[in-house]
Each structure stands twice: as structure tokens, then as C-alpha cells.
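Student: In terms of my numbering, the sequence shown opens at residue 44 and continues consecutively. Ideal Cβ positions, reconstructed from N, Cα and C, are used throughout, including at glycine.
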Amino acid sequence: MPTPGPRTTYRYTDHFKATAVRLSELPGVSVADVAESLYIHPFMLSRWRKLAREG
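#1: Is L88 near A61, with beta carbons less than 9 Å apart?
#2: How many whole angstroms separate the CB atoms of V72 and L81, which I take to be in contact at a CB cut-off of 8 Å?
#3: Under 6 Å Cβ to Cβ from D76, same chain only, skipping five residues before and after it: list those, please.
#4: Please go through the segment 59-86 and give each complete alpha helix (DSSP H) segment of 4 or more residues, from N-terminal end onward.
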């Protein structure tokens, strides 16, 4: 069961997001590996990749 109390919300810079997306687009690199190395959830990185594709 989750702990009661305020939730921590992180804000990432556009530069950080763009770097993460570029790293995940390298050949042979998976989204999960990049997310794990940056300590973010893979879904978040997938969402940033989708936003980058859509412009």
C-alpha cells in the first residue's frame, strides 16, 4: 500500500528530454535501458518520444 502524504513531482528540462529521446533512438539501445540509466519510468520516455515524433 502506498505511503500517505504528498507526492513528489519532478520537472525535467526540455534539454534533458531531448537528450533522453536522442539516446533512445541510437541503434541497439532500448527505451527501458535508457530509462533505467536516467532513473525515469520507461512510459515517460515513450511519451517524450511520441511528442518528439509529432513535433
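Tutor: In short:
#1: no
#2: Not really, about 12 Å apart at Cβ, beyond 8 Å.
#3: none
#4: 74-81
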